[in-house]
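Engineer: First the structure, then my questions, so here it is.
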Amino acid sequence: MTESGSIGPAVPLGGIFDIGGDMSVHRLGYGAMQLTGPGIWGPPADRDNAVAVLRRAVELGVDFIDTADSYGPHTNEDLIRGALSPYRNVTVATKGGLVRTGPDVWEMVGRPEYLHSCVELSLRRLAVERIDLWQLHRFDPAVPAVASLAVIKRLQDEGKIRHFGLSQVTVEQIEQTREVLPVATVQNLYNVGDRRSEDVVAYCEREGIGFIPWFPLASGDLARPGGVLDAMSKETGHTSAQLALAWLLRRSPVMLPIPGTSSVGHLEENLAAAGIALTDDQFSQITEAA
1 MTESGSIGPA VPLGGIFDIG GDMSVHRLGY GAMQLTGPGI WGPPADRDNA
51 VAVLRRAVEL GVDFIDTADS YGPHTNEDLI RGALSPYRNV TVATKGGLVR
101 TGPDVWEMVG RPEYLHSCVE LSLRRLAVER IDLWQLHRFD PAVPAVASLA
151 VIKRLQDEGK IRHFGLSQVT VEQIEQTREV LPVATVQNLY NVGDRRSEDV
201 VAYCEREGIG FIPWFPLASG DLARPGGVLD AMSKETGHTS AQLALAWLLR
251 RSPVMLPIPG TSSVGHLEEN LAAAGIALTD DQFSQITEAA
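Numbering (full-length UniProt numbering), first residue to last: 1 to 290.
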């Protein structure tokens with residue numbers, strides 16, 4: 001690690017996890033959502049910088065990048081294709097099932113015909129013949145879950161989706177989904193300050209399902225002056241964000257954090273968290289503080 005907290009390619013990025021049992025990725029990945037305009041709307045203000053962030057991530061060993069057709073919408077997938085295609089040893093996961101009508105507006109649409117078009121258009125935008133991990137962004141309460149899942153299973157049977165994942169779901173929803181098709185990953189809100197998905201993490205660990213915590217750097221009061229992360233940061237020299245990521249990586253072997261940023265410097269700092277070995281006492285302090 002350098003004085004700025006940056007890292008070199010030798011850091012193992014949290015070890016390896018096999019998504020779906022056969023798709024190996026480093027556990028510390030990158031979430032590309034922030035490489036869009038304000039409100040996750042439109043292209044990034046500085047496309048060259050966004051491309052540099054993506055390429056630097058891969059240069060440092062990131063081989064798992066998460067996006068969605070609703071980021072932009074569509075511009076995020078286009079950006080990733082332009083920066084990284086053809087993808088050499090890089091898994092790009094995307095999502096579908098949310099419609100965007102403006103900045104910060106997210107509407108669920110789970111109609112089978114719409115989900116079918118989501119997959120087909122993501123294939124085109126990412127310039128791939130098969131999506132390695134396609135995730136249902138949300139279950140649409142207006143559409144029976146079995147109807148949404150049936151079209152996904154058909155697309156998987158056709159070879160257009162390798163592995164399937166869910167987002168923001170309960171244990172019951174995961175189990176119901178697994179009656180129709182395998183679930184390789186679950187992406188729920190989870191971080192040191194918000195652990196409402198603790199039961200889902202435990203379920204995923206027991207079943208060997210990858211757990212992708214979104215908003216992984218949020219820490220609530222823990223990073224405020226006098227909080228446990230603030231105090232530990234001053235003691236260790238690591239940033240609160242690095243400590244939060246180190247905690248996630250230690251929390252479970254199925255944890256796949258995807259911290260996002262639009263800054264190369266912040267990217268390097270985030271990835272340096274993979275080299276932080278929390279002591280038992282530090283891990284307990286963070287765990288018990290929330």
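Note that beta-carbon positions come from the ideal geometry of N, C-alpha and C, so glycine has one too.
Count the C-beta pairs between the stretch 215–225 and the stretch 169–182 that are closer than 8 Å, then say yes if the count reaches three, no if not.
Structural biologist: No: the two stretches stay apart, fewer than three of their Cβ pairs being nearer than 8 Å.
Engineer: How do the stretch 144–163 and the stretch 112–126 stand: do at least 3 beta-carbon pairs fall below 8 Å, yes or no?
Structural biologist: Touching, yes.
Engineer: Indicate whether Ile286 and Gly31 have their beta-carbon atoms separated by less than 7 Å.
Structural biologist: No. Outside cutoff.
Engineer: Under 8 Å by Cβ, that's how I've got Thr94 and Asp69 pegged, so tell me the actual separation to the nearest angstrom.
Structural biologist: Right, their Cβ atoms sit about 6 Å apart.
Engineer: Is Tyr71 closer than 7 Å to Met33 when the C-beta atoms are compared?
Structural biologist: Yes; because the gap between Cβ atoms is below 7 Å, this pair is in contact.
Engineer: Could you check the C-alpha separation between Leu166 and Ala272 for me, to the nearest Å?
Structural biologist: Taking the straight line joining both Cα atoms gives about 28 Å.
Engineer: Let me know the secondary structure DSSP gives Arg55 once reduced to three states.
Structural biologist: Three-state result, Arg55: helix.
Engineer: Under 7 Å, do Thr91 and Val25 count as touching if we go by C-beta distance?
Structural biologist: Cβ atoms of Thr91 and Val25: closer than 7 Å.
Engineer: Is the separation between the beta-carbon of Val200 and that of Asn191 shorter than 7 Å?
Structural biologist: Their beta carbons are not under 7 Å apart, which means Val200 does not touch Asn191 by this criterion.
Engineer: Decide if Lys160 is buried, meaning its Cβ has at least 16 other Cβ atoms within 10 Å, or exposed.
Structural biologist: Under this definition Lys160 is a buried residue.
Engineer: If we call anything under 7 Å between Cβ atoms a contact, is Phe277 one with Leu28?
Structural biologist: As written in the sequence, residue 277 is Ala, which differs from the Phe given in the question. Contact flag unset, no.
Engineer: Roughly how many angstroms separate the alpha carbons of Gly110 and Ala147, rounded to a whole number?
Structural biologist: Cα-Cα distance, rounded: 8 Å.
Engineer: Residue range of the beta strand (DSSP E) that Thr91 falls in?
Structural biologist: Element bounds for Thr91: Thr91 to Gly96.
Engineer: With respect to the alpha helix (DSSP H) encompassing Leu28, which residues constitute its N-terminal and C-terminal limits?
Structural biologist: First-last for Leu28: undefined, no H or E at that position.
Engineer: Here's the rule I'm using: 16 or more other beta-carbon atoms within 10 Å means buried, otherwise exposed. How should Glu268 be labelled?
Structural biologist: Looking at its Cβ environment, which holds 16 or more other Cβ atoms inside 10 Å, Glu268 is buried.
Engineer: Do Ser252 and Ser219 have their C-beta atoms closer together than 7 Å?
Structural biologist: Contact: no.
Engineer: Are the CB atoms of Leu35 and Ser262 nearer to each other than 7 Å?
Structural biologist: Against a cut-off of 7 Å, the Cβ pair of Ser262 and Leu35 comes out as a contact.
Engineer: Take Gln135 as the anchor and find which of Val119, Asn89 and Ala127 has the nearest alpha-carbon.
Structural biologist: Of the listed residues, the one whose Cα sits closest to Gln135 is Val119.
Engineer: With the cut-off set at 7 Å, would you say Ile19 and Gly210 are in Cβ contact?
Structural biologist: In this structure, Gly210 lies closer than 7 Å to Ile19 by Cβ.
Engineer: At which residues does the beta strand (DSSP E) containing Thr185 begin and terminate?
Structural biologist: That run of the beta strand (DSSP E) goes Thr185 to Leu189.
Engineer: Along the chain, where does the beta strand (DSSP E) that runs through Pro213 open and close?
Structural biologist: From DSSP, the beta strand (DSSP E) with Pro213 extends over Gly210 to Trp214.
Engineer: Report the three-state DSSP secondary structure of His163 (helix, strand or coil).
Structural biologist: DSSP places His163 in strand when its eight states are reduced to three.
Engineer: With a threshold of 6 Å on Cβ separation, who are the neighbours of Pro73 within its own chain once the five nearest residues in sequence on each side are excluded?
Structural biologist: Cβ neighbours of Pro73 beyond the five flanking positions: Arg100.
Engineer: Pro38: which of Asp104, Val186 and Ile80 sits nearest, CA to CA?
Structural biologist: When each option's Cα is compared against that of Pro38, the closest is Asp104.
Engineer: Thinking just about the alpha-carbon of each residue, which of Gly82, Thr236 and Asp132 is nearest to the one in Asp63?
Structural biologist: It is Asp132.
Engineer: For the putative contact between Gly96 and His137, defined by C-beta atoms under 8 Å, what is the C-beta separation to the nearest angstrom?
Structural biologist: Yes, they are in contact, since the Cβ atoms of Gly96 and His137 sit about 6 Å apart, within 8 Å.
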